[in-house]
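J.: Here it is: the structure, laid out below.
Number of protein chains: 2
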Amino acid sequence: MSELNGSVSPQQLSAQAPLMRRPLRIALFGFGTVASSVARILVESRPEGLELTHVYVRSVARRRADWVPSSVTWSEDADAVLASDVDVVVELAGGLDPAGDWVRKALCAGKSVVTANKKLISVHGVELERLAAAGGGDLKYGAAVAGGIPVIPGLEQGLAGDRIERIEGILNGTCNFILSKMQEGAEYAPVLAEAQAKGFAEADPTEDVGGFDARAKLTILMRLALRVEVDPEEIAPLPITSIAAVDFSYARDLGCTIRQIARADHAEGKIAASVGPMLVDLHSPLAWSRGTENMVVFSGHYGGDVVFSGHGAGGHPTAVAVVSDLLALAHGSRRVKVPAAPSQLSAEFEVPHYIRFMVNDKPGIIADITVALASEGINIRAIVQKPGFPPHALPFVMTVEPCTSPALKRAMECLRGKDYLLEEPLDLQMLE
Amino acid sequence: MSELNGSVSPQQLSAQAPLMRRPLRIALFGFGTVASSVARILVESRPEGLELTHVYVRSVARRRADWVPSSVTWSEDADAVLASDVDVVVELAGGLDPAGDWVRKALCAGKSVVTANKKLISVHGVELERLAAAGGGDLKYGAAVAGGIPVIPGLEQGLAGDRIERIEGILNGTCNFILSKMQEGAEYAPVLAEAQAKGFAEADPTEDVGGFDARAKLTILMRLALRVEVDPEEIAPLPITSIAAVDFSYARDLGCTIRQIARADHAEGKIAASVGPMLVDLHSPLAWSRGTENMVVFSGHYGGDVVFSGHGAGGHPTAVAVVSDLLALAHGSRRVKVPAAPSQLSAEFEVPHYIRFMVNDKPGIIADITVALASEGINIRAIVQKPGFPPHALPFVMTVEPCTSPALKRAMECLRGKDYLLEEPLDLQMLE
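What follows is the structure, given as structure tokens:
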């Protein structure tokens with residue numbers, strides 16, 4: 130068989146199979162929902178080859194759990210844990226700092242790192258992968274996208290042979306919970322409050338509803354699936370906060386619902402990406418997702434569409450992804466790393482749009498809008514106006530044939546200052 | 130980090146990353162639909178680290194393709210190819226013989242094997258994995274279940290940290306094509322003929338419609354997900370050939386459709402498994418599958434349900450799985466092998482049943498049936514009789530509360546010989 134860069138032959142590699150003799154010594158950084166679920170699985174299931182040895186928390190007194198074996202060292206000194214003989218640091222504190230610092234130190238010390246930190250991987254993933262390669266450890270983040278759904282391992286190990294050209298995903302469970310509840314008739318504010326009460330929306334929900342969380346995950350998937358490294362800041366996410374109950378009603382009339390969709394295309398050298406609420410055909414798999422579910426559809430040049438769905442968040446599902454990454458480390462299963470190229474977005478999606486106007490009704494409005502759209506060569510597909518609204522606050526909807534968002538925005542600029550417009554028209558792309 | 134059974138340290142393992150210096154030398158065994166798609170991807174995409182060097186076919190004259198690079202050696206001598214310096218044998222001939230012989234020889238010679246052969250892996254997988262471990266090669270069969278959907282890699286690399294308790298799958302594209310066409314109103318025979326004409330049903334369709342193909346795949350998934358090694362012969366599959374158009378009509382009235390479902394449970398030490406047509410709620414993900422699509426739902430103790438779906442068959446999707454396995458080999462990504470225990474089925478599913486009777490109508494039939502069901506303590510849930518059928522060939526349906534198939538079979542035995550029964554009642558389990 131093949132010669133390797135080192136002195137290791139495949140025969141030697143295999144001789145170690147299936148498991149290393151000494152279990153991997155594992156340090157948890159953080160002990161929140163996910164980390165305590167990881168500890169719970171390690172303690173209950175005792176997977177072969179894994180041993181929890183350290184937990185770093187800011188306050189041991191406040192966090193220490195009595196069901197964790199007494200052999201585990203609890204510590205408030207991150208550097209001491211990093212300097213110990215642990216093999217793997219499991220970073221579950223989240224955020225860029227100090228998590229990034231711990232991860233760098235661990236990788237530089239030749240340890241492996243498992244993390245669920247999408248923000249860190251999205252912003253610094255390329256640098257951290259290089260550190261891992263240089264240090265000799267491995268960096269795994271299967272839990273960073275879609276929690277308990279094995280999107281990243283499935284992609285790396287099972288779709289690497291394809292050329293993925295498109296990603297469409299529901300990557301934020303909080304938004305999906307809110308939007309699928311609104312689809313059933315609820316209003317935004319009370320549903321957000323319910324999500325906050327249930328613990329899966331933050332007190333400040335901007336990360337989720339603003340699309341920043343989904344954007345971080347999308348850029349990770351773009352790197353792994355489309356093989357392009359794009360700065361997340363290049364993608365301007367649209368918040369779901371502009372969606373009202375009336376939009377679900379109009380969407381239903383159009384055979385659609387509304388979901389927060391993160392998507393990206395890489396075809397013919399052009400790269401497009403967007404995150405925000407979109408109209409989704411009720412027959413699309415993406416419309417099936419309910420509650421906090423996540424779903425990802427990859428479209429491959431050779432294999433066609435592959436769909437993954439399940440519980441994208443929550444302590445236990447995310448912990449399954451973390452423990453699976455740990456098992457893969459214990460089994461010597463290295464990641465399949467296909468090189469990605471630093472890239473910039475270079476295209477806009479050309480798709481039909483849904484435009485919802487809110488007007489103080491008077492003659493000539495449709496004529497104005499028609500002229501505005503025509504100025505950009507945009508064709509109207511349908512005009513829908515439901516009965517039962519007062520003329521002084523009348524919502525109605527137009528759908529237009531495929532065009533780009535910038536073109537539509539320019540067209541809408543022509544209407545700026547019109548006295549009958551009660552608010553900025555809401556522009557939603559329609560997924561086709 | 131950890132000590133290994135050999136002299137290899139994790140640092141050395143990593144030093145080779147990401148790729149071995151010399152590409153893996155690959156021999157294709159077979160050059161049918163899937164194998165030629167594999168060659169096509171290798172030639173077109175030129176994935177780093179993979180080199181097609183040999184093709185074994187029975188008749189080179191008949192099979193040689195002019196688009197394959199001239200550097201590739203075509204051979205009719207399997208042993209010569211096995212004795213050559215290839216690193217990986219890609220077995221795509223299918224069947225137990227001579228494929229099994231080639232795979233054994235390759236593994237014993239320390240080569241790795243990638244195969245899509247579900248029959249071979251289902252029957253001899255455990256033995257072959259041992260040969261691979263002993264020989265120092267790796268055995269990968271991501272393409273053996275659900276073709277282009279990364280069910281096996283996703284399971285091994287992303288769900289190993291969970292304890293999977295249930296598998297429900299649509300694992301045979303031909304059956305799904307036939308049944309989803311019948312759902313739209315087609316009859317069995319012409320749809321089968323269409324599937325045969327399109328090339329995804331064999332001249333003898335027994336493997337597919339009889340459930341044997343799905344059974345082989347199910348036992349592979351049971352080994353990997355439920356961690357039990359079950360002899361496929363223990364599972365008696367039910368054919369889809371007994372399903373008539375009238376059953377789809379009655380199913381729809383019950384809010385269901387009919388799909389060939391392969392499923393297995395492993396909970397509280399009990400193992401149950403079945404393959405055959407079942408009633409599936411129209412709201413279930415399994416009812417969404419159309420055409421030749423495959424779908425698998427794993428239910429984990431910790432992570433809940435995870436759904437995979439996509440194109441389960443066809444040259445290109447299956448080839449993606451094969452090439453992905455090859456890339457994983459090239460990247461030194463070993464499989465995560467969690468031990469499975471030799472096991473026997475030990476439970477029956479206790480589920481509601483759909484029973485369709487075909488009778489020459491006369492008074493007292495329902496009374497007879499009621500008495501028969503009561504003899505086994507089986508409660509009736511609903512009786513449905515659609516209008517428009519002649520009384521001398523009247524199909525009607527009963528659904529019953531959860532019971533086992535053997536209990537229902539015993540109850541139906543009481544009706545044997547009744548002159549009004551025009552055919553054996555059709556018993557379908559209902560998936561809940």
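These protein sequence lines map, in sequence, to chains A and B. One point on numbering: in my numbering, the residue at position 91 of the first sequence is 220, and numbering is uninterrupted. One point on numbering: in my numbering, the residue at position 243 of the second sequence is 372, and numbering is uninterrupted. From the three backbone atoms N, C-alpha and C, an ideal C-beta is built for every residue, glycine too. In this text, all values refer to a predicted model and were calculated from it rather than measured experimentally.
Tell me, please, whether the CB atom of residue 417(A) is closer than 8 Å to any CB atom in chain B?
T.: What you label residue 417(A) is simply residue 288 of the first sequence in a count that begins at 1. Yes - at least one Cβ of chain B is within 8 Å of the one on residue 417(A).
J.: Going along the chain, which residues of its own chain have a beta-carbon closer than 8 Å to the beta-carbon of residue 194(B), five neighbours each way excluded?
T.: Taking the first residue of the second sequence as 1, we reach residue 194(B) at position 65. Closer than 8 Å at Cβ, skipping near neighbours: 160, 165 and 168.
J.: According to the neighbour-count rule (16 or more other Cβ atoms, all chains shown, within 10 Å of its Cβ), is residue 316(A) buried or exposed?
T.: One-based indexing of the first sequence puts residue 316(A) at position 187. It counts as exposed.
J.: Can you tell me whether DSSP reads residue 507(A) as helix, strand or coil?
T.: Reading the first sequence from its first residue, position 378 is the one you call residue 507(A). DSSP places residue 507(A) in coil when its eight states are reduced to three.
J.: Among 267(A), 340(A) and 303(A), which has the Cα closest to the Cα of residue 121(A)?
T.: This structure cannot speak to residue 121(A), because chain A is shown only from 130 to 561.
J.: Check whether the region 487-498 of chain A touches the region 534-550 of chain A, counting contact only when three or more Cβ pairs, one atom from each stretch, lie closer than 8 Å.
T.: The answer is yes - the region 534-550 of chain A touches the region 487-498 of chain A, with three or more Cβ pairs under 8 Å.
J.: Name the residues in the region 431-445 of chain A whose C-beta lies less than 7 Å from a C-beta of chain B; which are they?
T.: Per Cβ criterion, the list reads 431, 432, 433, 434, 435, 436, 437, 438, 439, 440 and 445.
J.: Closest to residue 445(B) by CA distance: which of 276(B), 508(B), 478(B) and 521(B) is it?
T.: Your numbering for residue 445(B) matches position 316 in the second sequence. Checking every option, the nearest Cα to that of residue 445(B) belongs to 276(B).
J.: Taking Cβ-Cβ distances shorter than 8 Å, what residues in chain B pair up with residue 464(A)?
T.: Here residue 464(A) refers to the residue found at position 335 when the first sequence is read from its first residue. Ordered by position in chain B, the residues that pass the 8 Å Cβ test against residue 464(A) are 460 and 462.
J.: Please compile the residues from chain B whose C-beta is within a distance smaller than 7 Å of the C-beta of residue 170(A).
T.: Working through the first sequence from its first residue, we reach residue 170(A) at position 41. Under the 7 Å cutoff, chain B gives 290 and 431.
J.: Going straight from the alpha carbon of residue 346(A) to that of residue 362(B), what length do you get?
T.: One-based indexing of the first sequence puts residue 346(A) at position 217. One-based indexing of the second sequence puts residue 362(B) at position 233. So the two alpha carbons sit approximately 44 Å from each other.
J.: Could you give the residue range of the alpha helix (DSSP H) that holds residue 170(B)?
T.: Here residue 170(B) is taken as the residue at index 41 of the second sequence, counted from 1. Counting along the chain, the alpha helix (DSSP H) containing residue 170(B) begins and ends at 162-174.
J.: For chain A, check one thing: does any of its Cβ atoms lie closer than 8 Å to the Cβ of residue 456(B)?
T.: Mapped onto the second sequence, residue 456(B) falls at position 327. So yes, residue 456(B) belongs to the interface.
J.: Spatial neighbours of residue 292(B) within its chain, please: C-beta separation below 6 Å, excluding the five flanking residues on both sides.
T.: The residue given as residue 292(B) occupies position 163 in the second sequence. Counting only Cβ-Cβ distances below 6 Å, and skipping sequence neighbours, we find 430.
J.: Find the residues of chain B that neighbour residue 174(A), judging by a C-beta separation of less than 9 Å, and give them in chain order.
T.: Numbered from its first residue, the first sequence carries residue 174(A) at position 45. Near residue 174(A) (Cβ distances below 9 Å), the residues of chain B are 290, 291, 292, 430 and 431.
J.: In chain B, which residues lie less than 7 Å from residue 453(A) when you measure between Cβ atoms?
T.: As a position in the first sequence, residue 453(A) is number 324, starting the count at 1. Result: 286, 287, 288, 289 and 290.
J.: Between residue 255(B) and the rest of its own chain, which residues show a CB-CB distance below 7 Å, the 5 nearest in sequence each way excluded?
T.: One-based indexing of the second sequence puts residue 255(B) at position 126. Excluding sequence neighbours, residue 255(B) sits near 358.
J.: Return the residue from the list 515(B), 535(B) and 182(B) that minimises the CA-CA distance to residue 506(B).
T.: On the second sequence, residue 506(B) is found 377 positions in, with the first residue counted as 1. Per the Cα distances, 535(B).
J.: Against chain A, with Cβ distances strictly below 8 Å, would residue 283(B) count as a contact?
T.: Position 154 of the second sequence, counted from the first residue, corresponds to residue 283(B). Interface residue, yes.
J.: Would you mind sorting residue 301(B) into buried or exposed? The rule is 16 or more other CB atoms within 10 Å of its CB.
T.: For the purposes of this step, residue 301(B) is taken as the residue at position 172 of the second sequence. It counts as buried.
J.: Near residue 308(B), which residues of its chain fall below 6 Å by C-beta distance, leaving aside the five closest residues on each side in sequence?
T.: Within the second sequence, numbered from 1, the residue matching residue 308(B) stands at position 179. Once the five neighbours on either side are set aside, the close Cβ partners of residue 308(B) are 387 and 388.
J.: Return yes when the Cβ of residue 410(A) is within less than 8 Å of the Cβ of residue 295(A), no when it is not.
T.: Taking the first residue of the first sequence as 1, we reach residue 295(A) at position 166. Taking the first residue of the first sequence as 1, we reach residue 410(A) at position 281. No, the Cβ-Cβ distance between residue 295(A) and residue 410(A) is not below 8 Å.
J.: State the start and end residues of the unbroken alpha helix (DSSP H) segment that holds residue 237(A).
T.: Residue numbering aside, residue 237(A) sits at position 108 when the first sequence is read from its first letter. Per DSSP, residue 237(A) belongs to the alpha helix (DSSP H) from 228-237.
J.: For residue 516(A), count the other beta carbons within 10 Å of its own beta carbon; 16 or more makes it buried, fewer makes it exposed. Which is it?
T.: Taking the first residue of the first sequence as position 1, residue 516(A) is located at position 387. Exposed, because fewer than 16 other Cβ atoms sit within 10 Å of the Cβ of residue 516(A).
J.: What do you reckon, is the C-beta of residue 382(A) under 7 Å from a heavy atom of the ligand NAD?
T.: Annotation note on the ligand NAD: not contained in the displayed structure, which lists no ligands.
J.: Closer than 9 Å by beta-carbon distance: list the chain B residues that pair up with residue 271(A), in chain order.
T.: Looking up residue 271(A) in the first sequence gives position 142. Here the neighbours are 286 and 287.
J.: Identify whether residue 558(A) lies in helix, strand or coil by the three-state DSSP scheme.
T.: If you number the first sequence from 1, residue 558(A) lands on position 429. In the structure shown, residue 558(A) sits in a strand (DSSP, three-state: E or B).
J.: Taking the straight line between their C-alpha atoms, what separation do you get for residue 466(A) and residue 558(B)?
T.: Along the first sequence, read from residue 1 onward, the residue named residue 466(A) stands at position 337. Along the second sequence, read from residue 1 onward, the residue named residue 558(B) stands at position 429. Those two C-alpha atoms are separated by around 44 Å.
J.: If you draw a straight line from the alpha carbon of residue 205(A) to that of residue 174(B), how long is it in whole angstroms?
T.: One-based indexing of the first sequence puts residue 205(A) at position 76. One-based indexing of the second sequence puts residue 174(B) at position 45. When rounded, the distance between both Cα atoms is 50 Å.
J.: Is residue 131(A) close to chain B? Criterion is C-beta to C-beta, closer than 8 Å.
T.: What you label residue 131(A) is simply residue 2 of the first sequence in a count that begins at 1. Low local confidence applies: a pLDDT of 36 at residue 131(A) is under 50, so the model's placement there is unreliable, with the coordinate-based value given in what follows. Output row for residue 131(A): interface = yes.
J.: Applying a beta-carbon distance threshold of less than 8 Å, which residues of chain A neighbour residue 414(B)?
T.: Walking along the second sequence from the start, residue 414(B) turns up at place 285. Correct list: 417 and 438.
J.: Do you know how far the Cα of residue 189(B) is from the Cα of residue 251(B)?
T.: Residue numbering aside, residue 251(B) sits at position 122 when the second sequence is read from its first letter. Residue numbering aside, residue 189(B) sits at position 60 when the second sequence is read from its first letter. Using only the alpha carbons, I get a separation of about 30 Å.
J.: Which first and last residues belong to the alpha helix (DSSP H) in which residue 187(A) is found?
T.: Start at 1 with the first residue of the first sequence, and residue 187(A) comes out as number 58. Counting along the chain, residue 187(A) falls outside any alpha helix (DSSP H), and DSSP gives it neither H nor E.
J.: For the alpha helix (DSSP H) containing residue 524(A), list its first residue and its last residue.
T.: If you number the first sequence from 1, residue 524(A) lands on position 395. Taken as a continuous stretch (DSSP letters only), residue 524(A) belongs to no alpha helix (DSSP H), being part of the beta strand (DSSP E) at 523-532.
J.: For the region 398-406 of chain B against the region 467-478 of chain B, do three or more pairs of beta-carbon atoms, one drawn from each stretch, fall closer than 8 Å, so that the two count as touching?
T.: Touching, per the Cβ criterion.
J.: So residue 306(A) is in the alpha helix (DSSP H); what residue range does that whole segment cover?
T.: Within the first sequence, the letter at position 177 stands for residue 306(A). First-last of the alpha helix (DSSP H) with residue 306(A): 302-312.
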